[in-house]
Each structure stands twice: as structure tokens, then as C-alpha cells.
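K.L.:
I have a structure here, written as C-alpha cells, and I will follow up with some questions on it.
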Amino acid sequence: MTTTRFAPSPTGHIHVGNLRTALMNFLVARKGNGKFILRIDDTDPERSRNEFADAIKEDLEWLGLHWDREERQSRRLDRYSEAAARLRDAGRLYEAFETPVELDLKRKKQRNIGRPPVYDRAALAVSASERERLRSERGNGVWRFKLDHERIEWVDGILGGTSIDASSVSDPVLIRRDGQVLYTLASVADDIDMHVTHVVRGSDHVTNTATQIQIARALGGKVPEFAHHSLLVGPDGGNLSKRLGALSIRKLREQGVEPMALLSLMARLGSSDGIELFGNMEDMIKAFDISRFGVSATRFASRDLLPLTARHLQKLDYAAVKDRVARAGVPNELGERFWMVSRDNITTMDDIGMWWGLCSEGAEPVIDDEDREFVAEALKLLPDGPYDSATWANWTKEVKRATGRKGRGLFMPLRKALTGMSQGPEMSDLMPLLQVIRAKS
Ligand code: GLU
């Protein structure tokens, strides 16, 4: 069965970059009628926070990316110790005592002579007695995974045939000096235990994947299928990482972006298919094809989200927004009529507050000097409310007869006097919603 996981570290709020990973994993699972696991990668006690784990869950719920199972790495530390023991027994883990400063120096020297900064495995040559001495002097070392120096190959769901020469990569540290198992091992142990079949993640993980393939094999596990999506860049092609704070899911939500607009954009951005606004999750799942995604960096502009949000809202029936309309203060009996009139004239749901304010409290009239007499005369002909859908046609017909004005010269000054704006919904639709007309008082 297809099983995927989204594995955020709870060290901050998730942003559009994380969302891309989450969505792709979600869609792969749903397309394969499989399972989507939310795995909280909280092995780092100093940086992980419960509030962030909760916030991530809240954001995913809001997006509608529901998971079938939740896992937490911090509850699985025993499993990681077992996996480490297995690797140690197989002779694939070795202890290394170099300090960060020493390692840095080694890398500098390698760079100076034009060599890639790959760990030189000096620890492997250290004798048992020397190791004892180092341990008593420096305390525990870190534990590194001894890579097989072969070409590690896989067929990537996005990148296609991919290979990395293991000798160009440092033996990864799997266990820290303080005994804490690192993500590189924890993730492989989890993917095996949880029967993860497909891993979709950013292309910054490609080297990790190579080493994790060897670790999985060393643990006797099945290697999942991998797909690495390109990273997002700003609209100008520049690095997005500094702007990611402003592109957190919660900030976008505060700005009124709707989940379906955000998901629709993310389901297509960077693929060879055009952006399509999906009406529901089922359609998005059906249309999703990971092989359509490209290798080059993907440009993301948050300004694209508002027009998509507006288009999404225009398609929603009243039933889909009933509660939100009621929360804006619109009485139930007017709710449906109000929504059908206002939905074409809003960018985000916040804008309905403005329209309801205009209907319930009346708009500050805008009357140009040359129209002052005309508007005064017209308003005398406007009966008292409540109004219905025939009011506008009847009233303007009478005003036309009385004043001789027609067309734009007739309609526009009246619209501005009643709504304070030169555009908006059809006036015949709006009239029945106007509870107060300030220009009249
Ligand atoms: N916690 C890792 C990250 O956020 C997960 C990477 C993975 O998908 O394996 O980068």
C-alpha cells in the first residue's frame, strides 16, 4: 500500500515551502488510496517546541490536509537505539573524536589544495588504546556511518535517474556526542518501521537520500521511492529563505488567502501543467501527476494568491460560507441574497464585512458638484424602504422621465450617492439589501 509522510521539525511555523512538500506527499498517498502520516521530527530537544507541533497541526487542518496517523520521533528513541546497535554490530558505525574546530581546519586544508571537504576517516585508523585515551580526555565521540564507496543510484520521481558517488560525501554523523540520535538515522528507522513507500521532499535532501539509501540497506529495510521537488524562489528568482517568515501559512491565512487557492497554486507551480483552480480536493487528487514537475527552481509570488482566492470565493454557494457570513453580522434571512450579491465583489472573505457595513449602516455618499441638483431631485423620488429587486428599475425610470438624464449620466451619480463607490454589484441586486441610505437622510 502507498504510504507517505510529511515530517516537519517543530522548530517554527510551516511556510509555503513546507506546504509544497506536505501537499505532494498528501496527494501521492491519496492518489494511491494509501496512507498519509504526519511525523513530527522532534528529536532535537533544544529546538523542538510543542507549541509549534500544535501550530503545524492546526495549519494542516485548516488546509484540509488530513493525516491518517500521527507519529512523534521523541517517543521512538528506543527504536533508534536498536537501529544504531544493529549498525554497530554490522561494523557500519564508528566513533570519531575530532572537535568541530579540528574538523573545520581539515576542511579548510582540503579546500586549499582543491579537494572537496569530505571527512577523511582518520578515526578509522585510531587504535583501541588511543580511542580509550581520547574518550577519557574528551568524553564520548560522535558516531559516523561508514559509507560503502560505491555509486549510489536511484530513479527519482522528479529528477529521473540520479546517482551520487558515495566517496564524495562525508560519512554522516548519526549519533551526537551526548548520545542523541540524529534525524538521518531516525528518519530511515521510521520509514522502515512505518512502511513508507514514497518520500517526496525538497532537492536540498538529495545527498541525504544517497546516504539514507545505504543506511536503509544496512538495516535490511526496503528503500522507498524518492522524489525531490525543486526549491521555491521569489518572483525575481532570488532566494526565498529570508522571506519565509512572511510566507508562513498563518500569515497568508491572516491575509485572507483561502486554502483551496493556496493548494491549487501549489499543486501546479513548477509543473508543466498550467495553474488550475480546483473546486475540491477530489479533483486536485485526480489531476495530480508528480512526473509533470520540473527540476529547475520554482518561482513563487504570493501576489498570485489573492486573485485565485477571489475566483474561488466567486464559485462558492451560500451553504459553503453560511457560518462565515453570519459571523460578519448578516442576519440569516438576508444571508443568501447578501452572499450572492457580494461574492463577485470581494477579494477575500474580510471584504464582506465592508459590504455588510455599507448595507446595514449606509454608505458615505459621494456626490460630484455637477450632479448635486440631479441627485437631490432623484432622491425625492426614491420611496422609503424596504426595497425589492424591481426598485432600482422603477426608480431610475422615473428619474429619467423627470430629469431627462439617461445612460451613465443617470446611473453613475445615483450609484455613487447610494454606495459611495463607482463600482460594485448590480444596483438592482443591491437595493433589497440596503437597510439605510444615508444620502436620503
Ligand atoms: N524533518 C526533516 C525536514 O524537515 C524531514 C525531511 C524528510 O522528509 O525526510 O527537513
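In terms of my numbering, the sequence shown opens at residue 6 and continues consecutively.
By construction, the Cβ of each residue, glycine as well, lies at the ideal position given by its N, Cα and C atoms.
Owing to the predicted nature of the structure, the values given are computational and were not obtained by experimental measurement.
Could you check whether residue 58 and residue 192 sit closer than 8 Å to each other, using their CB atoms as the reference points?
P.N.:
Contact: no.
K.L.:
Apart from the five residues just before and just after residue 387, which ones in its own chain have a Cβ nearer than 6 Å to its Cβ?
P.N.:
400, listed in sequence order.
K.L.:
Do residue 231 and residue 165 come within 8 Å of each other at the CB atom, strictly closer than that value?
P.N.:
Result no, Cβ atoms of residue 165 and residue 231 do not sit closer than 8 Å.
K.L.:
Collect the residues with a C-beta less than 5 Å away from any heavy atom of the ligand GLU and give them in sequence order along the chain.
P.N.:
In chain order, the hits are 12, 14, 46, 192, 206.
K.L.:
From residue 7 to residue 218, what does the alpha carbon distance come to, in whole angstroms?
P.N.:
Cα-Cα distance, rounded: 19 Å.
K.L.:
Let me check understanding here. Comparing Cα to Cα, which of 426, 307, 77 lies closest to residue 198?
P.N.:
Cα-wise, what sits closest to residue 198 is 77.
K.L.:
Contact between the segment 281–290 and the segment 30–37: three or more CB pairs below 8 Å?
P.N.:
Touching, yes, given that three or more Cβ pairs across the two stretches are closer than 8 Å.
K.L.:
Between which two residues does the alpha helix (DSSP H) harbouring residue 195 extend?
P.N.:
Where residue 195 is concerned, the enclosing alpha helix (DSSP H) stretches over 188–198.
K.L.:
Thinking C-alpha only, which one of 347, 241, 361, 233 is nearest residue 336?
P.N.:
Closest option to residue 336, Cα to Cα, is 361.
K.L.:
Just to confirm my understanding: we take residue 168, look at its own chain, exclude 5 residues before and 5 after, and list those with CB closer than 6 Å. What are they?
P.N.:
Closer than 6 Å at Cβ, skipping near neighbours: 156, 158.
K.L.:
Examine the ligand FMN and report whether any of its heavy atoms sits within less than 7 Å of the Cβ of residue 149.
P.N.:
For the ligand FMN, the structure offers nothing, since it holds only the ligand GLU.
K.L.:
Can you give the Cα-Cα distance for residue 330 and residue 351, rounded to whole angstroms?
P.N.:
Rounded to whole angstroms, residue 330 to residue 351 spans 13 Å at the Cα level.
K.L.:
Assuming residue 407 contacts residue 382 under a Cβ cut-off of 8 Å, what Cβ separation, rounded to an integer in Å, is found between them?
P.N.:
The pair is a contact, with the Cβ atoms about 7 Å apart (cut-off 8 Å).
K.L.:
Using 8 Å as the threshold, is the segment 98–117 in touch with the segment 134–148, meaning 3 or more CB pairs across them?
P.N.:
Contact holds: three or more Cβ-Cβ distances are below 8 Å.
K.L.:
Could you tell me the distance, in whole angstroms, from the CA atom of residue 264 to the CA atom of residue 66?
P.N.:
If you take the alpha carbons of residue 264 and residue 66, they lie about 10 Å apart.
K.L.:
With which residues is residue 100 paired in a DSSP beta bridge?
P.N.:
Bridge partners of residue 100: 148.
K.L.:
Alpha carbon to alpha carbon, what distance is there between residue 269 and residue 300?
P.N.:
Whole-angstrom Cα-Cα distance: 20 Å.
K.L.:
Which of the three DSSP states is assigned to residue 450 in this structure?
P.N.:
Absent from the structure is residue 450, since the part of the chain shown begins at 6 and ends at 446.
K.L.:
Verify whether the separation of the beta carbon atoms of residue 40 and residue 74 is less than 8 Å.
P.N.:
In this structure, residue 74 lies closer than 8 Å to residue 40 by Cβ.
K.L.:
If you draw a straight line from the C-alpha of residue 117 to the C-alpha of residue 124, how long is it?
P.N.:
Looking at the two C-alpha atoms, the distance is approximately 15 Å.
K.L.:
Only counting the same chain, and skipping five residues up and downstream in sequence, which positions put a Cβ closer than 8 Å to that of residue 180?
P.N.:
89, 98, 147, 148, 186, 187, 190.
K.L.:
Suppose you measure from the CA of residue 18 to the CA of residue 325; what does that come to, to the nearest Å?
P.N.:
Cα to Cα, the separation comes out at about 28 Å.
K.L.:
What are the start and end residues of the alpha helix (DSSP H) that includes residue 114?
P.N.:
105–117 is the extent of the alpha helix (DSSP H) around residue 114.
K.L.:
With a threshold of 6 Å on Cβ separation, who are the neighbours of residue 55 within its own chain once the five nearest residues in sequence on each side are excluded?
P.N.:
Hits under 6 Å: none found.
K.L.:
Label residue 280 either buried or exposed according to how many other C-beta atoms from any shown protein chain fall within 10 Å of its C-beta, with 16 as the threshold for buried.
P.N.:
When all chains shown are included, residue 280 counts as exposed.
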